[in-house]
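In the working numbering, the protein residues as written are 2 to 414. Using N, Cα and C, we set each Cβ at its ideal position, and we do this for glycine too. It should be emphasised that the depicted structure is a prediction, and the values quoted were computed from it without experimental measurement. Structure first, commentary second.
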Amino acid sequence: MMPMEEALERLLSQVSALGRTESVTTPLARGRVLAQDLVSPLDVPPYDNSAMDGYAMRAADVAELAAQGGEGAVLPVSQRVPAGSVPVALQPGTAARIFTGATVPAGADAVLMQEQCEAIADPAGASLGQVRIRGALTPGLHIRRRGEDLRVGQTVLSAGSRLNAASLGLAATAGAAALTVAARPRVALFSTGDELVLPGQPLGPGQIYNSNRTTLHALLLAMGCEVRDLGIVPDTLDATRAALRDAAKDADLILSSGGVSVGEEDHLKPALEREGRLDLWQIAIKPGKPLAFGEVTSVGGRTWFMGLPGNPVSSFVTFLLFVRPVLLRMQGATQLAPRGFQLPAEFTWTKADKRREFLRAKLSDAGGLQLFGNQSSGVMSSAAWADGLIDLPPGSTVEPGQLLRFLSFNDLF
């Protein structure tokens with residue numbers, strides 16, 4: 002059996018970025034892969050501004066008054082600066098009433114929050130009154146400096162980054178109304194197996210509902226793909242060949258589940274060999290040992306093919322481990338491998354296996370890993386219950402407290 006790393010290396014060495022791009026409105030680009038560096042056209046913030054509601058002043062003025070003694074320095078308020086207004090230069094020996102996000106007046110070098118100030122109104126209403134200083138003041142206090150977030154010409158987001166809500170907010174901060182992203186990979190999806198029935202239809206003798214279709218469709222959408230669902234392909238060689246030819250017309254990748262073994266009713270292998278080529282690998286992982294990879298050739302060129310096992314958990318896990326990085330490579334992503342976190346086990350595992358195992362686990366309130374009781378590849382409830390996968394090396398047993406590598410579904414989806 003082939004180690005997982007070798008299988009991944011073989012896959013990724015053959016697949017390259019599709020090279021198609023499109024412009025997408027920034028708020029709608031979540032989950033897409035950036036195709037061009039985003040460079041800031043401005044400083045962010047574009048001017049020194051207040052981080053607090055309070056009073057802008059010179060620290061030296063306050064220090065001078067404090068040295069003269071008294072309960073607290075008192076400064077006349079010379080102007081009021083709401084956000085969006087343009088202040089005049091601060092008069093020496095005065096303070097400016099200022100609000101969060103407002104431009105700091107030239108000459109001011111500190112902002113004291115209003116909770117540390119005492120406003121003294123002018124009884125006659127002829128002025129803005131005075132302010133008594135009740136807190137310590139140092140130069141730079143509560144001032145957000147121009148360009149402290151972004152500078153003109155700075156690369157805000159790099160090509161190959163997968164965009165999340167925070168990165169889209171950063172792009173908007175730099176004024177980007179649209180982003181150039183990789184076009185969505187076009188994926189044709191089908192299942193094989195005469196025993197499969199679509200949910201909503203009655204089950205006949207020996208039949209089961211096709212859960213893989215729903216699971217894989219959802220995973221493909223989460224990976225930013227356009228999906229053409231070809232449904233369930235009958236278990237015949239001719240039907241399988243026809244499905245492959247149809248899928249290859251407009252797909253970048255054909256994805257199937259089931260039929261990747263070498264039984265008499267498994268027709269994908271001979272169909273791929275007639276329509277293109279196929280490598281059928283036995284991967285040293287559990288669940289998900291069989292994995293098919295190849296291509297369908299047509300007049301339009303080459304379409305990649307990946308065939309996953311039919312057992313629902315095996316199909317789910319092999320998608321995350323193998324299909325996910327292939328789809329990211331097609332979109333030009335630079336980060337293909339998921340992050341792993343070292344977390345303590347809250348269980349005992351004595352069933353050491355010669356294969357590398359991916360166990361379905363949940364995070365406890367204490368921050369440890371709890372294991373689903375039934376780790377069978379046919380028990381989809383284990384994946385729905387779990388928060389991620391434990392990456393367990395071959396031949397491993399587990400004792401409570403042992404640190405294990407955990408792959409979170411939040412990163413994998």
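Cα-Cα separation between K352 and I391, rounded to whole angstroms: 14 Å
D110 versus I121 - alpha carbon distance: 22 Å
Residue environment, Q202, which counts as buried when at least 16 other CB atoms sit within 10 Å: exposed
Spatial distance of L158 from V40 (CA atoms): 7 Å
Residues bridged to C118 [DSSP beta-bridge criterion]: I134
Assigned exposure category for K287 - 16 Cβ within 10 Å defines buried: buried
Exposed unless 16 or more other CB atoms sit within 10 angstroms - verdict on R152: exposed
A90, DSSP secondary structure in three states: coil
Range of the contiguous alpha helix (DSSP H) that encloses P345: Careful: P345 lies outside any alpha helix (DSSP H), inside the beta strand (DSSP E) at F342 to P345.
Identity of the residue in A52, V188, R147 and L364 nearest S411 by Cα: Ser is not the amino acid found at residue 411; the sequence shown has Asn there. Measuring from the Cα of N411, the nearest candidate turns out to be L364.
K270 versus R303, K250 and M307, residue with shortest Cα-Cα distance: M307
Reduced DSSP category for D280 - H, G, I as helix; E, B as strand; rest coil: strand
With 16 other Cβ atoms within 10 Å as the buried cut-off, status of L245: buried
G148 versus A184 - alpha carbon distance: 33 Å
Cβ-based burial, M2 [other Cβ within 10 Å; buried from 16]: exposed
Three-state class that DSSP yields for M1 in the structure shown: In the structure as shown, the chain starts at 2 and stops at 414, and residue 1 therefore has no counterpart that could be examined.
Helix, strand or coil at N165 according to DSSP, with G and I counted as helix: coil
Inter-residue CB distance, A252 and R229 (contact presumed, cutoff 8 Å): 7 Å
At least three beta-carbon pairs within less than 8 Å, the region 204-223 to the region 276-292: no
C-beta atoms of V87 and S51 nearer than 8 Å: no
Inter-residue Cα distance where the pair is L13 and L281: 16 Å
Extent of the continuous beta strand (DSSP E) run through T26: T22 to T26
C-alpha distance - A61 paired with G141, whole-angstrom precision: 12 Å
Cross-strand partners of A189 (DSSP beta bridge): R229 and I255
Limits of the alpha helix (DSSP H) - the one that M2 falls within: Looking at the DSSP string, M2 is not in any alpha helix (DSSP H), and its letter there is neither H nor E.
Integer-rounded CB distance, given that A334 should sit under 8 Å from R163: 6 Å
Beta strand (DSSP E) segment containing R294, residue limits: For the sequence presented, residue 294 should be read as Phe rather than Arg. Run containing F294: P291 to S299, per the beta strand (DSSP E) assignment.
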